[in-house]
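Okay, so here's the structure we're looking at.
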Amino acid sequence: MAKIIFNQQIDDGIYYIEIAGKYRGSMGQFYMLRGWATSHPLLNRPFSIFDLNDHSISFIYKVVGEGTQLLSKLRKNNDLELFGPYGNGFPLVEGKIALVGGGMGIAPLYLAARELMTYSPTNEVHIYLGFKENAILTDLFEAVSHKLIVDTGGYISEIVNVNSYDYVFACGPQDMEMALMQQKNSENTHIFFSVERRMGCGIGACLACTCKTSAGNKLTCKDGPVFPGEVLLFE
Ligand SMILES: Cc1cc2nc3c(=O)[nH]c(=O)nc-3n(C[C@H](O)[C@H](O)[C@H](O)COP(=O)(O)OP(=O)(O)OC[C@H]3O[C@@H](n4cnc5c(N)ncnc54)[C@H](O)[C@@H]3O)c2cc1C
Ligand code: FES
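Under the numbering used here, the first residue of the sequence shown is numbered 81, with each subsequent residue one higher.
Structure representation (structure tokens):
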């Protein structure tokens with residue numbers, strides 16, 4: 081069991097939760113959270129690591145159903161369980177890098193920016209965040225990037241020029257990911273997507289999270305959630 085430091089609403093139906101303890105993990109990996117002591121809902125829920133330090137781990141989440149509704153009721157000093165880190169995460173790379181997030185897809189990008197900036201002082205990190213309505217947490221993102229572009233109500237994929245980057249790490253709606261992939265015409269640009277699928281176990285045991293790739297079906301929880309854009313088969 082872990083203790084909650086805060087679980088704060090930061091926008092309509094969107095929460096930022098910080099949990100006490102020293103946890104492992106790197107950019108793009110996720111934890112399975114369980115914020116209820118009852119046997120229902122049966123399954124833990126996956127969330128990307130938003131941030132991590134020596135004394136806490138944090139996540140941002142949107143209330144969409146029963147599990148996230150229960151999570152949103154938790155308060156300071158309440159207990160919850162978390163399991164992880166799971167998944168492969170984004171690769172450590174060097175060069176000019178664009179981080180592109182749509183909606184809650186911004187969740188893994190804050191830690192990604194922090195890690196990439198620390199990994200190599202020559203890295204140039206530009207962050208593109210797209211929101212349907214209100215922009216959130218932009219002050220945090222601004223502090224960890226060389227350039228921050230925020231769009232509300234439009235299509236962030238139309239603002240970023242993927243071919244001007246060595247690497248693009250993206251997370252968001254499938255339409256956004258497809259649009260980024262369609263833009264790519266440079267062999268020097270490498271695109272990685274963090275994909276979301278409904279999950280059961282998070283550790284490769286239940287086969288619930290299949291993702292279609294050019295190399296056959298892969299498990300999002302174990303082989304992903306990060307995949308190179310070229311191998312993903314969009315459905
Ligand atoms: C690797 C990974 C990382 C994620 N990181 C985050 C994050 O950082 N922040 C965040 O807000 N959400 C994240 N999600 C999505 C989050 O796990 C789901 O929103 C959550 O499990 C829903 O639980 P629930 O009980 O509230 O909703 P449920 O009652 O289980 O479902 C409610 C609705 O959400 C849909 N849904 C549930 N799970 C998913 C999913 N994985 N992908 C797409 N639709 C889904 C259902 O189809 C249904 O329509 C992530 C998912 C994955 C796989
Ligand atoms: S969630 Fe069970 S195999 Fe991926």
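The C-beta atom is built at its ideal place from N, Cα and C for all residues, glycine as well.
Here the structure is a predicted model, which is why all the values come from computation and not from measurement.
By the neighbour-count criterion, in which a residue is buried when 16 or more other Cβ atoms sit within 10 angstroms of its Cβ, residue 87 is buried.
Apart from the 5 residues on each side of it in sequence, residue 90 sits with its Cβ closer than 8 Å to the Cβ of 96, 140, 216 and 217 in its chain, given in chain order.
Of the residues 166, 159, 196 and 311, the one whose Cα lies closest to the Cα of residue 84 is 159.
Residue state for residue 88 is assigned as strand, using DSSP reduced to three classes. For residue 231, there is no enclosing alpha helix (DSSP H); the enclosing beta strand (DSSP E) covers residues 227 to 232.
Counting every other CB atom within 10 Å of its CB across the protein chains shown gives residue 166 a total of 16 or more, marking it as buried. Contact annotation: residue 170 and residue 272 have beta-carbon atoms nearer than 8 Å. Taking a cut-off of 7 Å from the heavy atoms of ligand 2, the residues with a C-beta inside it are 279, 280, 281, 282, 283, 284, 285, 286, 287, 288, 289, 299, 300, 301 and 302. Scanning 258, 252 and 146 for the CA closest to the CA of residue 310 turns up 258. Considered as a whole, the segment 226 to 291 harbours 227 to 232, 247 to 251 and 270 to 274 as its complete beta strand (DSSP E) runs of no fewer than 3 residues, in chain order. Excluding its 5 nearest sequence neighbours in each direction, residue 209 has C-beta neighbours in its own chain below 6 Å: 181, 186 and 230, listed in chain order. Around the beta carbon of residue 108, a 10 Å sphere encloses 16 or more other beta carbons of the protein chains shown; the residue is thus reported as buried. At a cut-off of 7 Å, the beta-carbon of residue 192 does not count as near ligand 1: no heavy atom of the ligand is closer than that.
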